[in-house]
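Structure first, commentary second.
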Amino acid sequence: MKAHTKETQANLTPRKALEILQEGNLRFIKNLKVQRDLLEQVNDTREGQWPFATILSCIDSRTSSELIFDQGLGDIFSIRIAGNIVNTDILGSMEFACKIAGSKLIVVLGHTKCGAVKGACDHVEMGNLTELLAKLQPSVYQEKETKSDRTSKNKEFVENVAQINVKRNVKNIIERSFILEQMVENGEIGVVGAMYNIETGEVEFYDDVMYIRDTQNPDFTVANLRDLTLA
Ligand SMILES: [Zn+2]
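The working numbering puts the first residue of the sequence shown at -10, with every later residue one more than the last.
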């Protein structure tokens, strides 16, 4: 498997980029890694990089995007921060990745049993972490299903909050970045949400936050998102 080139990247659509990630994760869970010479890829990418996707995931040591999607050097922009939250610097990184470097798809990838989500559920306060976890609080409050034991001890509550957090951040990206919003509207990029299951190795992409405008989904416009209330 060769590293992406300017041509292979240019020929990809957001939908195809999604399929490449889905196929990579299928290989990962079947333990069928593609043959890839990483040192050769170092050589192939020495003049530049043309990654096809940008993945925002958690710092959790079990959730490396390159590994779980079976990708090599130069394939994806990997943005990692506890709780896979979005802030201005991360939006700036995504704008670079898509507008300047030609990436076709942004994935917000949460994961099960996330320590940051658990911390937010328990309203943990500690040093600079307090400010980071505050960005997860809206998702904790948006979880209305759980009436009792709204703490990290309640596994279902934690996973509900993790899911809401992914969906909120997908929406955040489009609402807070004019550049990315326009690119989605023009069908140049897609933004999708997904959840990685740390027990099975499987990634589930959420159909209800799959913002790709193409022939398969011609009616989608970002204007519709304004009225969306996330479940
Ligand atoms: Zn995490």
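For every residue, glycine included, the Cβ atom is placed at its ideal position computed from N, Cα and C.
Remember, it's a predicted structure, so these values are computed and weren't measured experimentally.
*asked:* Give me, in chain order, the residues of the same chain whose beta-carbon lies closer than 8 Å to that of Phe17; leave out the 5 immediate sequence neighbours on both sides.
replied: Leu56, Ile57, Phe58, Asp59, Gly190
*asked:* My output table needs one value for Thr204: the three-state DSSP class, helix, strand or coil.
replied: coil
_Is it buried or exposed, Gln(-2), if we count other Cβ atoms within 10 angstroms and call 16 or more buried?_
buried
*Look up Val129 in the DSSP assignment and say whether it is helix, strand or coil.*
helix
*asked:* Given 7 Å as the limit, tell me if Cys103 has its C-beta closer than that to any heavy atom belonging to ligand 1.
replied: yes
*Around the C-beta of Asn149, are 16 or more other C-beta atoms found within 10 angstroms, so that it is buried, or is it exposed?*
buried
*Identify every run of the alpha helix (DSSP H) within the segment 85 to 150, keeping only runs that are complete inside it and at least 4 residues long; order them along the chain.*
104 to 110, 118 to 123, 126 to 131
*List the endpoints of the continuous beta strand (DSSP E) containing Arg69.*
65 to 69
*Flag Asp111 as yes when its Cβ comes closer than 7 Å to any non-hydrogen atom of ligand 1, and as no otherwise.*
no
*Return yes when at least one heavy atom of ligand 1 lies under 7 Å from the C-beta of His100, else no.*
yes
*May I ask you to report which of helix, strand or coil DSSP gives Val192?*
strand
*For the 8 Å Cβ check, are there 3 or more pairs between the segment 76 to 95 and the segment 129 to 149?*
no
_Nearest candidate by alpha-carbon position, reference Gly176, set Asn76, Leu169, Arg202_ = Arg202
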